[in-house]
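For reference, the structure discussed in these notes is given below.
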Amino acid sequence: MIFAKVIGTIVSTQKDPNLNGKKLLLCKEVDHSGKPLETYHVAVDAVQAGEGSFVLLSYGSSARMTDETKNAPIDAVVIAIIDDVQITHQFK
Amino acid sequence: MFLAKIIRKVISTEKHDAYKGRIVFVVQPVKPNGENIGNEWVAVDYVGAGVGDTIICGGAPGVSKNIFKLELAPIRTLIIAVVDKIDYRDIE
Amino acid sequence: MKLGVVIGVVWASRKVEALDACRMYIVQPVSSENNPVESPLVVADPKGLAASGDKIVYVTSTDAVEAFDSGFVPVNASVIELVDVVV
């Protein structure tokens, strides 16, 4: 799983029928502190996330393991909205 | 599959049910000439290997499910052979 | 599977139903000599094995899903062993 910030939504009418009724979110990958990285992902929303949310993304074949995304041809899903990330140990 | 050398043994009491009774090793991927390459992996023994052995590691998703006859097998890396001898000619 | 040390906790109240009651940790992959390798990642703990600071073995990709009893959860990495000692 990776951290990401939702930066937008994607609207599409012509798409695979398995994607009907699913919200597509444009996400930018960030590190644990929220600092943006260079990668963008389009992910299906499984937790009613909104623009600006700090979320957890699951990718690859695991992304199809939710009721919303079963059988859908997708490879990224928003699985959680993050409240807080606590770093308890530092490796130096 | 990749060539590796068993360097240490992992001892643990608290583990997933699929790992009960199995021996788990730390393996270091190596080149055919014995030089280390990349980072260490953790692998479950399937052939009775021991520390110091050169081995073949591998397994595709779902393979461990079959060979251990488990319904759920979160086992990614298996030790599937102990190497006796490698005949090879390296190319530049 | 790889060795790692739990260095942080991820708190999320709204998450996919299958992950309710499952804690998420930030794990730093380490070598057997306890040196950090690669960058930290988020790992789910389906069996409640780990706590902050523990050394663990985690599994990634498709097999991480198998660590859950349901075998149907959107995770990329799961804790499967709490390491007592590496000899």
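Residue numbers (this note's numbering), protein chains in the order written: chain A, 65 to 156; chain B, 274 to 365; chain C, 3 to 89.
All residues carry an ideal CB built from backbone N, CA and C; glycine is no exception.
Backbone secondary structure at residue i - three-state DSSP
i, result
"C:N1", "Residue numbering for chain C in the displayed model covers 3 to 89; residue 1 of chain C lies beyond these limits and cannot be assessed."
"A:Y133", "Going by the sequence as given, residue 133 of chain A is Thr instead of Tyr. Three-state DSSP puts A:T133 in coil, outside helix and strand."
"B:T327", "strand"
"C:K57", "strand"
"B:I359", "coil"
"C:P31", "strand"
"A:T152", "coil"
"C:S80", "strand"
"A:K79", "coil"
"B:G335", "coil"
"B:I348", "coil"
"A:A144", "strand"
"C:V67", "helix"
"A:A127", "helix"
Supposed contact pair residue j and residue i - C-beta distance, whole angstroms, cut 8 Å
i, j, result
"C:I58", "C:V18", "No, C:I58 and C:V18 are not in contact; Cβ-Cβ is about 22 Å, not under 8 Å."
"A:A113", "A:L89", "6 Å"
"C:W13", "A:D80", "Contact flag wrong, Cβ pair sits at about 34 Å."
"C:L5", "B:V303", "Contact flag wrong, Cβ pair sits at about 18 Å."
"C:S34", "B:I280", "6 Å"
Select from the stretch 276 to 301 of chain B all residues with a C-beta closer than 9 Å to any C-beta belonging to chain C, and list them in chain order. Per Cβ criterion, the list reads I280, R281, K282, V283, I284, S285, T286, E287, K288, H289, D290, A291, Y292, V297, V299 and Q301.
Could you tell me whether the stretch 117 to 129 of chain A touches the stretch 70 to 88 of chain C, where touching means 3 or more Cβ pairs closer than 8 Å? Flag = yes, the stretch 117 to 129 of chain A and the stretch 70 to 88 of chain C touch.
Using a Cβ distance threshold of 8 Å, determine whether the stretch 281 to 299 of chain B contacts the stretch 146 to 156 of chain A, with at least three qualifying pairs required. No: fewer than three Cβ pairs fall under 8 Å.
Between the stretch 316 to 326 of chain B and the stretch 51 to 67 of chain C, can you find at least three pairs of beta-carbon atoms closer than 8 Å? With a cut-off of 8 Å on Cβ pairs, the stretch 51 to 67 of chain C is not in contact with the stretch 316 to 326 of chain B, counting fewer than three such pairs.
Residues within the stretch 130 to 149 of chain A neighbouring chain C, beta-carbon criterion of under 7 Å: If the cut-off is 7 Å between Cβ atoms, the stretch 130 to 149 of chain A has T130, V141, I143, A144, I145, I146, D147, D148 and V149 near chain C.
Going residue by residue through the stretch 274 to 321 of chain B, where are the continuous beta strand (DSSP E) segments of at least 3 residues, counting only ones entirely within it? Listed in chain order, they are 275 to 284, 297 to 302 and 314 to 318.
Take every Cβ of the stretch 79 to 86 of chain C, pair it with every Cβ of the stretch 25 to 45 of chain C, and state whether three or more of those distances are shorter than 8 Å. Yes, since at least three Cβ pairs between the stretch 79 to 86 of chain C and the stretch 25 to 45 of chain C fall closer than 8 Å, the two stretches touch.
Three CB pairs or more closer than 8 Å across the stretch 356 to 365 of chain B and the stretch 333 to 343 of chain B: With the cut-off at 8 Å, the stretch 356 to 365 of chain B and the stretch 333 to 343 of chain B do not touch.
Does the contact criterion of 3 or more C-beta pairs under 8 Å hold for the stretch 85 to 100 of chain A versus the stretch 133 to 153 of chain A? These segments touch.
Quick one: which residues of the stretch 104 to 133 of chain A get their C-beta closer than 7 Å to a C-beta of chain C? List them in chain order. Going along the stretch 104 to 133 of chain A in chain order, one finds A110, V111, L120, S122, Y123, G124, S125, S126, A127, M129 and T130 with a Cβ nearer than 7 Å to chain C.
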